[in-house]
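Asks: I'd like to ask some things about the structure below.
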Amino acid sequence: MKKLMDVTLGENVLIYDFTNLYGCDIGDNTKVGAFVEIQKGSRVGKNCKISSHSFICEGVFIEDGVFIGHGVMFTNDKYPKSCTNDGQLAKQSDWTLLKTYIKKGASIGSGSTILPGITIGENAVVGAGSVVTKSVEANTTVYGNPAT
Amino acid sequence: MKKLMDVTLGENVLIYDFTNLYGCDIGDNTKVGAFVEIQKGSRVGKNCKISSHSFICEGVFIEDGVFIGHGVMFTNDKYPKSCTNDGQLAKQSDWTLLKTYIKKGASIGSGSTILPGITIGENAVVGAGSVVTKSVEANTTVYGNPAT
Amino acid sequence: MKKLMDVTLGENVLIYDFTNLYGCDIGDNTKVGAFVEIQKGSRVGKNCKISSHSFICEGVFIEDGVFIGHGVMFTNDKYPKSCTNDGQLAKQSDWTLLKTYIKKGASIGSGSTILPGITIGENAVVGAGSVVTKSVEANTTVYGNPAT
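Chains as they are written, first to last, in my numbering: chain A, -8 to 139; chain B, -8 to 139; chain C, -8 to 139.
Below, the structure written as structure tokens:
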């Protein structure tokens, strides 16, 4: 009851049921909870916990030892649209992918939303329920909407 | 690994795995991501993207070309309760359904919650992580909790 | 298409598909929506509605007649980390479980995040999209981030 397509897994990776992973790279000992989707073109390091109900999109790079809480939504497009101005379905070439970096040992609280194109520093902490709109310095704690 | 009951689908609709749709109407070319539930008595137009982890409830009417981000929660009841005051399980007749309208070309950012009984105007944009408590004018951008 | 392990169910419990429940206790007549995870060491009372996309973790105790909206995230650890300071994967003994109590007849709006170690009082209401950081008195309504 899990769906893995073209996924590169390290050793001792634990992936729960009801998960949808494709084209991504997951490091040793990392755990991925139920109802998680991880898209192509993303990377999760070693010794991470990706908790249930979270979404990790293309262009998100998560280093080792990171905690991602439950229901955390990453993004990679600042102006997402379903269609272009002339009413055609938007294609990959119609938008700009913004990359997001989560550095070693960071912790992102449950229910947070992470705007695209930012870096969350080493051992930084994002409190639960936050909306992170800009980069977070290493070893600092932010929370709120917007997170400060 | 998807569950579709009494669903009316247009042409070229793409529905991912781990989805639960019932009694709803989905227009041509629309894509529905993993871990999405769409309830009876709702409608999604043509050329829409309904991203993973979102919940579209009864009474939500989404026009053509709308983008719904990941983990967006719609609502249809201002005062949801499990039981009535005398301790009985609430029935359909114990509450009032408030309808929500998402107009053509609107974009709702990931991680947003949409309060019931509002209209989000044509080409309006709701920033990621917002809580939308009142109607949004066409061609405007709102964000925050509450979104303004 | 549901996964139930070591679950104690009352009478007339209704559990939708795409659910992951283990080591928990669910009372009579309670309904559990799609894409819900309920962990070991938690309890849900009678006549509750646990709506789709919600996460109920260890140490959460929900009394009778409670409404939990869609996409509600509970937590049980104030300082979640994937690894300890010396880079080892965190074990159960490396953190302190904080218990959360949701009293009879309370209603938690969709898209809310509940910080750990608090009590939400009898018939209290938490508005949709809230981040609840401290206990809520009985018969009161709170909302916002942080909820007040």
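For glycine and all other residues, C-beta sits at the position ideal for the given N, C-alpha and C.
Measure from the alpha carbon of Thr104 (chain B) to the alpha carbon of each residue in B:Asp77, B:Ala115, B:Thr91, B:Gly120, then state which is nearest.
Replies: Here the closest residue by C-alpha is B:Gly120.
Asks: Starting from the beta carbon of Phe65 (chain B), find every residue of chain A whose beta carbon is closer than 7 Å, and list them in chain order.
Replies: Correct list: empty, because the minimum Cβ distance to chain A is about 15 Å.
Asks: Counting only C-beta atoms, is Gly62 (chain A) closer than 8 Å to chain B at any point?
Replies: Yes, because at least one Cβ of chain B sits closer than 8 Å to the Cβ of Gly62 (chain A).
Asks: Compare the C-beta of Val4 (chain C) against all C-beta atoms of chain B and say whether one is closer than 8 Å.
Replies: Cβ-Cβ to chain B under 8 Å: no for Val4 (chain C).
Asks: Any beta-carbon of chain C closer than 8 Å to the one on Ala129 (chain A)?
Replies: Not closer than 8 Å to any Cβ of chain C, the Cβ of Ala129 (chain A) fails to qualify, so no.
Asks: Measure from the C-beta of Glu28 (chain B) to each C-beta in chain C and report whether the shortest distance is under 8 Å.
Replies: Taking Cβ atoms only, chain C reaches closer than 8 Å to Glu28 (chain B), which makes this a yes.
Asks: Measuring straight from C-alpha to C-alpha, what distance separates Gly50 (chain B) and Thr91 (chain B)?
Replies: When rounded, the distance between both Cα atoms is 6 Å.
Asks: Let me know the secondary structure DSSP gives Ser84 (chain C) once reduced to three states.
Replies: Ser84 (chain C): helix per DSSP, three-state reduction.
Asks: Using Cβ-Cβ distances below 7 Å, what residues of the region 31 to 55 of chain B are close to chain A?
Replies: Listed in sequence order: Asn38, Cys39, Lys40, Ser43, His44.
Asks: Which runs of the beta strand (DSSP E) at least 3 residues long sit entirely within the region 33 to 57 of chain B? Give them in chain order.
Replies: As far as the region 33 to 57 of chain B is concerned, its whole beta strand (DSSP E) runs of at least 3 residues are 51 to 53.
Asks: In the DSSP assignment, what are the bridge partners of Ile59 (chain B)?
Replies: DSSP output for Ile59 (chain B) lists B:Ile41, B:Ile99 as bridge partner(s).
Asks: My understanding is that Ser45 (chain C) touches Val57 (chain C), with C-beta atoms under 8 Å, so please give their C-beta distance in whole angstroms.
Replies: Contact doesn't hold; Cβ gap of about 12 Å is too wide.
Asks: So, does the CB of Lys125 (chain B) fall closer than 8 Å to a CB anywhere in chain C?
Replies: Cβ-Cβ to chain C under 8 Å: no for Lys125 (chain B).
Asks: Taking Cβ positions only, does Gly78 (chain B) come closer than 8 Å to chain E?
Replies: No chain E is present in this structure, whose protein chains are A, B and C.
Asks: Would you mind stating whether Asn20 (chain C) and Lys(-7) (chain C) have Cβ atoms separated by less than 8 Å?
Replies: Contact flag unset, no.
Asks: If you measure beta-carbon to beta-carbon, which residues of the region 90 to 102 of chain A are closer than 9 Å to chain B?
Replies: If the cut-off is 9 Å between Cβ atoms, the region 90 to 102 of chain A has Gly102 near chain B.
Asks: Which residues in chain C have a C-beta closer than 8 Å to the C-beta of Asn11 (chain A)? List them in chain order.
Replies: Going along chain C, no residue has its Cβ under 8 Å from Asn11 (chain A), so there is no contact; the nearest lies around 11 Å.
Asks: Mapping DSSP to helix, strand and coil, what is Val4 (chain C)?
Replies: It is coil, neither helix nor strand.
Asks: Would you say Ala115 (chain B) faces chain A, with C-beta separation under 8 Å as the test?
Replies: Taking Cβ atoms only, chain A never reaches closer than 8 Å to Ala115 (chain B), which makes this a no.
Asks: Residue range of the beta strand (DSSP E) that Met(-8) (chain B) falls in?
Replies: From DSSP, Met(-8) (chain B) is part of no beta strand (DSSP E); its letter is neither H nor E.
Asks: Which residues in chain A sit within 7 Å of Ser73 (chain C), going by Cβ to Cβ distance?
Replies: By Cβ distance, chain A contributes Asn38, Cys39, Lys40, Gly56, Val57, Phe58.
Asks: Taking only beta-carbon atoms, is Val23 (chain B) less than 8 Å away from chain C?
Replies: Not closer than 8 Å to any Cβ of chain C, the Cβ of Val23 (chain B) fails to qualify, so no.
Asks: How many Å lie between Val127 (chain C) and Ala97 (chain C) at the Cα?
Replies: Between Val127 (chain C) and Ala97 (chain C), the C-alpha separation is close to 10 Å.
Asks: Gly24 (chain B) and Tyr7 (chain B): beta carbons closer than 8 Å?
Replies: In contact: Gly24 (chain B) and Tyr7 (chain B) (Cβ atoms closer than 8 Å).
Asks: So what does DSSP say about Phe65 (chain B), is it helix, strand or coil?
Replies: Residue state, collapsed to three classes: strand.
Asks: Do the region 107 to 122 of chain A and the region 77 to 91 of chain A meet, that is, are 3 or more Cβ pairs less than 8 Å apart?
Replies: Judged by Cβ distances under 8 Å, the region 107 to 122 of chain A makes contact with the region 77 to 91 of chain A, as three or more pairs qualify.
Asks: So Leu160 (chain B) contacts chain C; which residues on that side make the cut at Cβ distance below 7 Å?
Replies: Missing from the structure shown is residue 160 (chain B); chain B here goes from -8 to 139 and no further.
Asks: Using a Cβ-Cβ distance under 8 Å, would Asp8 (chain B) count as near chain A?
Replies: Chain A contact via Cβ: present.
Asks: Using three-state DSSP, classify Tyr92 (chain C) as helix, strand or coil.
Replies: It is a strand residue.
Asks: Assuming Val116 (chain B) and Val123 (chain B) form a contact by the criterion Cβ under 8 Å, report the distance between their Cβ atoms to the nearest whole angstrom.
Replies: So it is not a contact: roughly 11 Å between Cβ atoms.
Asks: Mind reading off the beta-carbon distance from Asn136 (chain C) to Glu113 (chain C)? Whole number of angstroms is fine, and I expect it under 8 Å.
Replies: With a Cβ gap of about 24 Å, Asn136 (chain C) and Glu113 (chain C) do not count as contacting.
Asks: Is the separation between the beta-carbon of Phe26 (chain A) and that of Glu54 (chain C) shorter than 8 Å?
Replies: For Phe26 (chain A) and Glu54 (chain C), no; Cβs fall outside 8 Å.
Asks: Any beta carbon from chain B within less than 8 Å of Lys82 (chain A)'s own beta carbon?
Replies: Lys82 (chain A) does not count as touching chain B.
Asks: What span of residues does the beta strand (DSSP E) with Tyr13 (chain A) cover, start to end?
Replies: Start and end: 11 to 13.
Asks: Beta carbon of Thr75 (chain C), beta carbon of Cys48 (chain C): below 8 Å?
Replies: No; because the gap between Cβ atoms is not below 8 Å, this pair is not in contact.
Asks: For a contact defined as C-beta to C-beta under 9 Å, what are the partners of Val122 (chain B) on chain C?
Replies: In chain order: Gly102, Gly118, Ala119, Gly120, Ser121, Tyr134, Gly135, Asn136.
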